[in-house]
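J.: Structure incoming, see below.
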């Protein structure tokens, strides 16, 4: 993972605030580099920080012989015969850009990324995100100043994942071009062969997980772990993909809740997480560790404004409660560690050292996991066919706004602790297969089950109790919502004061 920061000023020197500067540096503690260049009447400051997962470490911006330069934040998942474990992604992409050009190079790779590329030939800055928008990239533009960065802007605009942005230094203007087609969801309703669908989902999801854990040599791996359906399935697959003996940290966050006088250990996600951890430990021979992150309210007060700044442009009460959960889960410091074995062993003041966290984000959007999806089928005035049609429209909307509603926010708050999120459910092959599935594989009206195929997959992994667990939003499961007395009637959609 890396931090990206580019600031341009017309007829002047770019002003980079301490906050913006640190927001970039915090994301990559292993290296930081900056350059200043002049393009016509513009002065440009470009900086990159690096979180190194493997050698060789490559400083950014990476400069080309012709005066071009590249900032790359991401992870590429190429076949083994193309991208070997010790080839650096930034170097690999730069070589493809030199050989083929920016867009052909990106069309030839799969992965999650944000890219900023200055082309000396075009005398312009190009920037974009992957097709789904799994890595944060935001920008701001006014009459004299332009900034594009991973995080830290006061009034940012999210970069849309299906567009290529071009900033022309000569005219100080920004333009866009559509480069990626939005995925199309199947409107077919009936599910004919559930056994085949479960096996196919198991195969594509296992491949997606294997891609995301294969190139993390000699480092622990963490899973963001509420104990719910999505993350427990991933934890089981991670267990099956990692080499024997490689430890897994299941990071479970919970908050003290002054409004209800409940402690973090009382949180629903803590109870469910422990139950799911014990079930996973019984299925495995490796060390699977439960990392209980308890967040006192005093710590929330200390970090609240930082989290609110990082999650911008989102500014709702609900977004803050979700962002707090991801932020403190990624911090994963001062935790209680429970280790599986003949007798559970406890270690206090544990700090998770994993640089990579596996996240279950995307499952609810792909498999109809939200309450509003279920509510569609509770409208008595519509037929089943009409309900499934409405569900298809809702799922398409949810998926197409993932970058703005979830992914950017989560990347910015977790990245501030130099943690990299990876999303197996948003793997290109998983998405392609899931979108091709019948709607009944997502919500089965006959059994009244949302995320039907995932629940069947959990049962195939001998995780039946997880398969029967209802969805609970992280802010309620971890109790990061409405923590203060007097907040009981606040709505999640309310803007922060």
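Residue numbers (full-length UniProt numbering): 1 to 497.
Cβ atoms here follow ideal geometry from the backbone N, Cα and C, with glycine treated the same way.
Starting from the C-beta of residue 82, find all residues in its chain whose C-beta is less than 6 Å away, skip the five residues before and the five after it, and write them out in chain order.
T.: Along the chain shown, read from residue 1 onward, the residue named residue 82 stands at position 82. Residue placement at residue 82 is poorly supported in this model, since its pLDDT is 46, which falls under 50; the coordinates still yield a value, given next. If we look at residue 82 and ignore the five residues flanking it on each side, it has no Cβ neighbours.
J.: What are the residues that DSSP puts in a beta bridge with residue 141?
T.: Taking the first residue of the chain shown as position 1, residue 141 is located at position 141. Answer is 146.
J.: Name the two residues that bound the continuous beta strand (DSSP E) containing residue 173.
T.: Within the chain shown, residue 173 is the residue found at index 173, counting from 1. Start and end: 173 to 178.
J.: If I measure Cβ to Cβ from residue 118 and keep anything under 7 Å in the same chain, skipping five residues before and after, which residues do I get?
T.: Stepping through the chain shown from its first residue, residue 118 is reached at position 118. 68, 69 and 125.
J.: Can you grab the Cα-Cα spacing for the pair residue 377 / residue 449, in whole Å?
T.: The residue given as residue 377 occupies position 377 in the chain shown. The residue given as residue 449 occupies position 449 in the chain shown. Each residue's alpha carbon lies about 11 Å from the other.
J.: Are the Cβ atoms of residue 520 and residue 323 separated by less than 7 Å?
T.: Since the first and last residues shown for the chain are 1 and 497, residue 520 lies out of range.
J.: Mapping DSSP to helix, strand and coil, what is residue 29?
T.: Working through the chain shown from its first residue, we reach residue 29 at position 29. Residue state, collapsed to three classes: strand.
J.: Answer yes or no: the CB of residue 73 versus the heavy atoms of the ligand ZN, is any distance below 6 Å?
T.: The ligand ZN is not among the ligands present in this structure, which contains no ligands whatsoever.
J.: What ranges does the beta strand (DSSP E) occupy inside the stretch 310 to 369, keeping only unbroken runs of at least 3 residues that lie completely in it?
T.: As far as the stretch 310 to 369 is concerned, its whole beta strand (DSSP E) runs of at least 3 residues are 335 to 339, 345 to 350 and 356 to 358.
J.: Using the rule of at least 16 other Cβ atoms within 10 Å of the residue's Cβ for burial, across every protein chain shown, is residue 72 buried or exposed?
T.: Position 72 of the chain shown, counted from the first residue, corresponds to residue 72. When all chains shown are included, residue 72 counts as buried.
J.: Taking only three categories from DSSP, how would you classify residue 82?
T.: In the chain shown, counting from the first residue as 1, residue 82 sits at position 82. Low confidence applies to residue 82: its pLDDT is 46, below 50, so where it sits in the model is not reliable, and the reading given next is rough at best. Of the three classes helix, strand and coil, the one that applies to residue 82 here is coil, per DSSP.
J.: Between the alpha carbons of residue 12 and residue 42, how many angstroms are there, rounded?
T.: As a working note, residue 12 is residue 12 in the chain shown. As a working note, residue 42 is residue 42 in the chain shown. Each residue's Cα considered, the two are about 7 Å apart.
J.: At which residue ranges does the stretch 89 to 134 contain complete beta strand (DSSP E) runs of 3 or more residues, listed in the order of the chain?
T.: If we require 3 residues or more, the beta strand (DSSP E) runs fully inside the stretch 89 to 134 come out as 111 to 119 and 124 to 129.
J.: Can you tell which of 37, 191 and 459 has its C-alpha closest to the C-alpha of residue 388?
T.: As a position in the chain shown, residue 388 is number 388, starting the count at 1. Ranking the options by Cα distance to residue 388, first place goes to 191.
J.: Suppose only complete runs of 3+ residues qualify. What are the beta strand (DSSP E) ranges in the stretch 4 to 51, listed by chain order?
T.: List check, beta strand (DSSP E) in window: 31 to 39 and 42 to 50.
J.: Please classify residue 359 as buried or exposed, where buried requires at least 16 neighbouring CB atoms within 10 angstroms.
T.: What you label residue 359 is simply residue 359 of the chain shown in a count that begins at 1. Residue 359 should be labelled buried.
J.: With contact counted as at least three CB pairs below 8 Å, one residue from each stretch, are the stretch 149 to 165 and the stretch 175 to 182 in contact?
T.: The answer is yes - the stretch 175 to 182 touches the stretch 149 to 165, with three or more Cβ pairs under 8 Å.
J.: Taking Cβ positions, are residue 498 and residue 136 nearer each other than 7 Å?
T.: One cannot answer for residue 498 here, as it falls past the ends of the chain, which runs 1 to 497.
J.: What distance in whole Å lies between the Cβ atoms of residue 223 and residue 189, which are believed to be in contact at a cut-off of 8 Å?
T.: Position 189 of the chain shown, counted from the first residue, corresponds to residue 189. Position 223 of the chain shown, counted from the first residue, corresponds to residue 223. Actually they do not touch by this definition, with Cβ atoms about 33 Å apart.
J.: Can you look up residue 304 in the DSSP assignment and give me helix, strand or coil?
T.: Here residue 304 refers to the residue found at position 304 when the chain shown is read from its first residue. Three-state DSSP puts residue 304 in a helix.
J.: Helix, strand or coil for residue 497 per DSSP?
T.: For this step, residue 497 is matched to residue 497 along the chain shown. Of the three classes helix, strand and coil, the one that applies to residue 497 here is coil, per DSSP.
J.: Are there 16 or more other CB atoms within 10 angstroms of the CB of residue 305, so buried, or fewer, so exposed?
T.: By 1-based counting over the chain shown, the position of residue 305 is 305. Exposed is the call here.
J.: Ignore the nearest five residues each way along the sequence and tell me which others in residue 451's own chain have a CB closer than 6 Å to its CB.
T.: As a first step, residue 451 must be located in the chain shown, where it is residue number 451. If we look at residue 451 and ignore the five residues flanking it on each side, its Cβ neighbours are 367 and 369.
J.: Just the C-alpha distance for residue 103 and residue 199, rounded to the nearest angstrom, thanks.
T.: Translated into positions along the chain shown, residue 103 becomes position 103. Translated into positions along the chain shown, residue 199 becomes position 199. Near 35 Å, if we compare the C-alpha coordinates of residue 199 and residue 103.
J.: Use the C-beta contact count for residue 424: other C-beta atoms within 10 angstroms, 16 or more gives buried, fewer gives exposed.
T.: Locating residue 424 in the chain shown gives position 424, where the first residue counts as 1. Residue 424 comes out buried.
J.: Could you tell me which residues DSSP puts in a beta bridge with residue 165?
T.: The residue labelled residue 165 in the question sits at position 165 within the chain shown. Looking at the DSSP assignment, residue 165 forms a beta bridge with 127 and 176.
J.: Beta-carbon within less than 6 Å of residue 127's beta-carbon, same chain only, minus the 5 sequence neighbours each way: which residues are those?
T.: Here residue 127 refers to the residue found at position 127 of the chain shown. Excluding sequence neighbours, residue 127 sits near 116, 148 and 165.
J.: Select from 28, 299 and 226 the residue whose C-alpha is nearest the C-alpha of residue 475.
T.: In the chain shown, the residue the question calls residue 475 occupies position 475. Minimum Cα distance to residue 475 is reached at 226.
J.: With a cut-off of 8 Å on the beta carbons, I'd call residue 241 and residue 206 a contact; round off their distance for me.
T.: On the chain shown, residue 241 is found 241 positions in, with the first residue counted as 1. On the chain shown, residue 206 is found 206 positions in, with the first residue counted as 1. Going by Cβ atoms, the distance from residue 241 to residue 206 rounds to 7 Å, so yes, they are a contact pair.
J.: Using CA atoms only, rank isn't needed, just tell me which of 332, 184 and 311 is closest to residue 253.
T.: On the chain shown, position 253 is the one that residue 253 refers to. Of 332, 184 and 311, the residue nearest in Cα terms is 332.
J.: Check residue 551 in the structure and name its three-state DSSP category.
T.: A query on residue 551 cannot be resolved here, the shown segment of the chain reaching from 1 to 497 and no further.
J.: So who's on the other strand from residue 257, going by DSSP bridges?
T.: Numbered from 1 along the chain shown, position 257 holds the residue referred to as residue 257. Answer is 262, bridged to residue 257.
J.: Among the residues of its own chain, which have a CB less than 7 Å from the CB of residue 457, if the five just before and after it don't count?
T.: Numbered from 1 along the chain shown, position 457 holds the residue referred to as residue 457. Excluding residues within five positions, the ones whose Cβ falls inside 7 Å are 198, 201, 202 and 233.
J.: If you draw a straight line from the alpha carbon of residue 4 to that of residue 427, how long is it in whole angstroms?
T.: Here the question's residue 4 lines up with position 4 in the chain shown. Here the question's residue 427 lines up with position 427 in the chain shown. Going from the Cα of residue 4 to the Cα of residue 427 covers about 23 Å.
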